[in-house]
Structures are given as structure tokens and as C-alpha cells.
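Using numbering that gives the first Met the number 0, read the sequence shown as starting at 0 and increasing by one per residue.
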Amino acid sequence: MKLNFLAAGRLRMKKSIYVADAERNETIDLPVSSALIRHKQGNVLFDTGCHPSVVDHAEERWGSLAKVMKPLMSANETLLPNLACTGLGPDDIDIVINSHFHPDHCGCNQFFRKATIFAHAKEIEAARAPGADTAGYLKVDWDYGQPIEPVNGEKDLFGDATLVLVPLPGHTPGTIGALVSLDRAGQFLLASDAVSLRQNLDADAAPRNTWNVDQQMKTFAEIRRIEKSGVTVICGHDDAQWQGLRKGGDGYE
Numbered sequence: 000m001k002l003n004f005l006a007a008g009r010l011r012m013k014k015s016i017y018v019a020d021a022e023r024n025e026t027i028d029l030p031v032s033s034a035l036i037r038h039k040q041g042n043v044l045f046d047t048g049c050h051p052s053v054v055d056h057a058e059e060r061w062g063s064l065a066k067v068m069k070p071l072m073s074a075n076e077t078l079l080p081n082l083a084c085t086g087l088g089p090d091d092i093d094i095v096i097n098s099h100f101h102p103d104h105c106g107c108n109q110f111f112r113k114a115t116i117f118a119h120a121k122e123i124e125a126a127r128a129p130g131a132d133t134a135g136y137l138k139v140d141w142d143y144g145q146p147i148e149p150v151n152g153e154k155d156l157f158g159d160a161t162l163v164l165v166p167l168p169g170h171t172p173g174t175i176g177a178l179v180s181l182d183r184a185g186q187f188l189l190a191s192d193a194v195s196l197r198q199n200l201d202a203d204a205a206p207r208n209t210w211n212v213d214q215q216m217k218t219f220a221e222i223r224r225i226e227k228s229g230v231t232v233i234c235g236h237d238d239a240q241w242q243g244l245r246k247g248g249d250g251y252e
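Written out as C-alpha cells, the structure reads:
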């Protein structure tokens with residue numbers, strides 16, 4: 000099995016969303032990523048990043064969200080060109096796991112027409128609720144008619160413990176992570192926005208864009224428990240960590 004981290008966008012946001020004592024006008028640049036897991040039973044993408052149209056037309060697609068999360072990337076920093084670096088195209092992807100349905104995590108769903116989408120049942124419910132767009136759920140990003148498989152509790156995707164979906168609620172009602180177990184490189188927890196920045200986990204400090212702080216605190220405790228067993232936690236938007244990861248065609252086994 001192989002794991003490749005793929006660039007899937009880049010955003011600028013107010014730093015105070017993530018760091019409570021940041022200056023009001025201070026900003027932070029955040030990488031947006033996807034992860035490709037190549038398993039003998041199928042090719043899996045964990046998150047699909049930002050839709051390429053937001054490179055030049057963010058407000059048309061995201062509306063007022065484009066003022067909160069300002070895209071910074073070029074077209075080459077979106078998902079499809081980086082997936083191509085691995086030798087695969089959209090039709091080679093069998094499964095898409097959406098950690099949650101915010102537009103920087105599911106924006107390229109439409110390109111994976113042959114894939115089944117896995118998401119937590121509570122996330123599906125939240126995204127389909129009346130007024131969901133005001134909570135950051137944009138149907139134009141997450142729903143293109145592919146079959147959606149609801150996840151409840153932990154799910155061993157291939158039945159061999161190499162790729163296990165783990166509920167990590169707090170940021171949204173149904174945020175999930177993926178525990179990836181590789182032969183040589185060891186275990187990685189793809190935590191998505193359950194840990195947006197490493198300092199949030201270290202300080203036990205929930206970002207301002209947290210849906211439920213109590214659940215987020217429990218999720219932080221669970222992630223620390225997982226990490227103690229030697230697992231590498233991959234944060235959703237931590238630029239310092241992102242710079243140190245192998246990316247594109249240079250993956251982990």
C-alpha cells in the first residue's frame with residue numbers, strides 16, 4: 000500500500016480564527032491537501048480540496064465564504080494536476096472519503112464520477128439540512144449524484160486494518176479521519192480539521208470555527224491517545240508540517 004500527499008489548494012484566513020491571541024488583522028496562509036491511498040483493493044482519495052474555479056472566481060462559487068477563506072493558489076496547486084503526478088486520473092479513483100463537507104475538503108468531488116463517496120452519517124444529515132449553506136455546506140461542491148456510503152462509528156474500509164475511518168466530531172457534526180497503516184513508514188492519522196493546526200492540539204484550544212467545543216475537546220483527547228501509540232498525526236492546514244511532507248509522486252510505503 001502507498002500513501003501520497005497531494006496539494007489541493009491554498010487559503011488565507013484571519014489567524015484569530017485559529018489562534019485566540021492573534022492580532023485582529025493578522026492573517027495565516029493555510030495549505031489545502033488531499034491524500035491518495037493505493038490499496039490492492041482500490042484507489043482511495045481522502046478529501047478533494049478546492050474546486051479549480053475558485054482560483055479566479057471564488058465569489059461566484061463560494062459566495063460570502065470567499066471573503067472568509069481567500070484562495071491563494073494557482074491552477075497547478077489544485078488537486079487534478081497533482082493527482083496526475085502519481086500517474087492516475089479521476090476515473091482511476093474507486094473511493095472518495097470526505098472528512099467533512101466544507102468546500103475546501105470536497106470541492107473536486109464532481110470529477111470522480113466512478114467513485115463511491117464515504118462520509119459520516121451525521122455529516123450527510125447536516126449538509127442536507129435546511130439552511131445548510133449558511134453553515135458552510137455548498138451543494139455545488141459536495142453532491143454530484145455519486146453513491147454516498149454513510150459511516151457510523153469506526154469503519155475498516157478493506158477489512159485488513161490498513162485503512163480505518165475514525166469519527167472525530169467537533170469541527171463539524173460528522174468530521175472523520177483516516178488511520179493509514181503502512182508496512183515501512185508506519186501509521187498516519189489523517190486528521191483533517193479535527194486538528195487544523197498542530198498548536199490547537201498542543202494547547203487544547205478549539206478554533207473559533209468549531210461547531211461543538213465539548214465534542215472537539217473529546218476528539219483532541221482521542222487523537223492524543225492514538226498518537227501515543229506511535230501514530231503520526233497529519234493536520235488539516237498546518238503549513239509548517241506540510242512543508243516537511245513528501246508530496247506528489249514522492250510518497251510513503
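Glycine included, each C-beta is placed from N, C-alpha and C at the ideal position.
Would you identify the three-state DSSP class for residue i, choosing helix, strand or coil?
i, result
"asparagine 42", "strand"
"glycine 152", "coil"
"glycine 8", "strand"
"threonine 171", "coil"
"alanine 239", "helix"
"threonine 26", "strand"
"arginine 160", "Checking the sequence shown, residue 160 turns out to be alanine, not arginine. Of the three classes helix, strand and coil, the one that applies to alanine 160 here is coil, per DSSP."
"valine 18", "coil"
"threonine 133", "helix"
What's the gap between the Cα of residue i and the Cα of residue j?
i, j, result
"isoleucine 96", "glutamate 153", "13 Å"
"valine 54", "glycine 135", "18 Å"
"asparagine 75", "valine 139", "22 Å"
"alanine 83", "isoleucine 116", "20 Å"
"arginine 223", "alanine 204", "13 Å"
"glutamate 59", "alanine 114", "27 Å"
"serine 52", "cysteine 105", "13 Å"
"glutamate 22", "alanine 239", "20 Å"
"valine 146", "valine 165", "The sequence shown places proline at residue 146, not valine. The straight-line gap from Cα to Cα measures roughly 20 Å."
"glutamate 25", "isoleucine 16", "10 Å"
"asparagine 208", "histidine 170", "7 Å"
"lysine 69", "alanine 57", "8 Å"
"arginine 37", "glycine 130", "37 Å"
"glutamate 226", "leucine 200", "11 Å"
"lysine 246", "leucine 64", "28 Å"
Is there a Cβ of chain B sitting closer than 9 Å to that of residue i, yes or no?
i, result
"serine 63", "Considering every chain present, this structure includes no chain B. It has just one protein chain."
Assuming contact is defined by CB atoms lying nearer than 9 Å, are residue i and residue j in contact in what I supplied?
i, j, result
"valine 67", "glycine 48", "no"
"threonine 174", "threonine 218", "yes"
"lysine 1", "leucine 35", "yes"
"serine 195", "cysteine 234", "yes"
"glutamine 186", "tyrosine 143", "no"
"alanine 6", "asparagine 81", "yes"
"aspartate 46", "leucine 189", "yes"
"histidine 119", "proline 168", "yes"
"aspartate 103", "leucine 10", "yes"
"glutamate 221", "proline 172", "no"
"valine 18", "glutamine 198", "yes"
"aspartate 28", "leucine 71", "yes"
Shortest alpha-carbon distance to residue i belongs to which of the options?
i, options, result
"leucine 79", "Pro89, Leu71, Pro70 and Trp210", "Pro89"
"leucine 156", "Lys39, Val18 and Thr26", "Lys39"
"aspartate 159", "Phe100, Leu29, Asp182 and Val150", "Asp182"
"glutamate 148", "Lys121, His56, Ala239 and Asp249", "Lys121"
"serine 98", "Trp61, Arg127, Phe111 and Val150", "Val150"
"aspartate 91", "Asn42, Thr26 and Ala21", "Asn42"
"methionine 12", "Gln242, His236, Tyr251 and Lys246", "His236"
"tryptophan 241", "Ser191, Asn211 and Thr85", "Ser191"
(request) Write down every uninterrupted run of the beta strand (DSSP E) in the stretch 52-127 whose length is 3 residues or greater and which is fully enclosed by it, in chain order. (result) Here the runs fully enclosed are 94-96 and 115-119.
(message) What ranges does the beta strand (DSSP E) occupy inside the stretch 177-229, keeping only unbroken runs of at least 3 residues that lie completely in it?
(response) Here the runs fully enclosed are 185-191.
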